[in-house]
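The sequence shown begins at 10 in the working numbering and counts up by one.
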Amino acid sequence: MTLQTPDEPKLVVLLTDTTQVAQVQGVFKARRKQMSMTALIPGLQVQVEGTYDSKNELVASSVKFKGNDLEDAQTIQAGLQPAKEQIQQSQKELDEQKSALERQQQAMQEQQQQLSQAQAKIDSNKAAIEAANKRFGQLDDYNIMDEVTVYFGNGKVTVDPKYKPQLLQLAEKAKTITAYTIQVKGYASSSGSSSLNQKLSEDRANKVTQFLQQQGHVPLTNMLAPGAMGESRQVGNDKTAEGQTQNRRVVVRVLQNKGIAGT
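In structure tokens form, the structure reads like this:
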């Protein structure tokens, strides 16, 4: 235990199994009542007898205290207990608030990371669309010799069989045109995420391109790379089912350079 004495503010005393703990009683304090070491509570005035060991540590042989001093210490402890409990409760609440703040900070960091990833996808889609617009947007130098629009179901990329005869007819007509080029551009409605719609427009354009190459036997040298236009250039009102259907499309055009055509 630690004592506060006139000479030392923190005097460490070693208690052993042979240390006698007693409460002195009687008018002349001649009688002793053996006590447990648990009676040595903070605030208790005690008298310690002992010797220093080889390590210069004070080993107590006996610890004595008065009954009224024990009562005073117990009264002090009883008064401190509510304050101690309040401190513990406050500390518990502070720990809970700290944990809640840490969870909120982690959630905010995760949200920020998700926003950054979403922004990166948006930037990537925007760059892809701008590149496609740049590649396909300048039609002033070309005559449009033929055109077919293929519509797709919601979330679908497979070419509906009813459009295949039109595509085959377009391919046959193109082969009769000198120095023709076939342009394929895929679009999507704005229903759903922009990144998903970008991918759908790409897959739809690829499916139509593959059909023209494999079934229409259009040479690769006569086809431009398929363009994924995503949600750009909406032609229908996406707030209606009919408008969404109009926007889920692939536009196929047969182009001829005006210089070659002489116009």
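Cβ atoms here follow ideal geometry from the backbone N, Cα and C, with glycine treated the same way.
According to DSSP, R258 shares a beta bridge with Y160. Note that the segment 240-247 does not touch the segment 173-184; fewer than 3 beta-carbon pairs, one per stretch, sit closer than 8 Å. Going by DSSP, K208 is part of the alpha helix (DSSP H) stretching over 203-223. In the three-state reduction of the DSSP assignment, G59 falls in the strand class. Distance from the Cα of G195 is smallest, within the candidate group E156, R257, G162, G201, for R257.
Take the alpha-carbon of Q253 and the one of S202: they are about 14 Å apart.
Using a C-beta cut-off of 8 Å, the segment 101-109 makes no contact with the segment 48-65, since fewer than three inter-stretch Cβ pairs fall below that distance. A214 has its alpha-carbon roughly 15 Å from the corresponding atom of V227. When DSSP states are grouped into helix, strand and coil, D155 belongs to the strand group. Counting along the chain, no alpha helix (DSSP H) covers Q13, and no H or E run does either. Under the 10 Å beta carbon count, L20 is surrounded by fewer than 16 other beta carbons and is classified as exposed. Per DSSP, the beta bridge partners of R40 are Q34. In the three-state scheme derived from DSSP, where H, G and I count as helix and E and B as strand, I96 is classed as helix. V261 is not a Cβ neighbour of V168, given a cutoff of 7 Å. If you compare the alpha carbons of L53, P51, M10 with that of V68, the shortest gap goes to M10.
Assigned with DSSP and collapsed to three states, K75 falls in strand.
Assignment of A234 by DSSP, reduced to helix, strand and coil, places it in the coil class. Within the same chain, Cβ atoms closer than 8 Å to the Cβ of K173 are found at F220, Q224, the five residues on either side in sequence being excluded. Leaving aside the five residues that flank Q29 on each side, the residues in its chain whose CB is nearer than 8 Å to its CB run, in chain order, Q43, S70, S71, V72.
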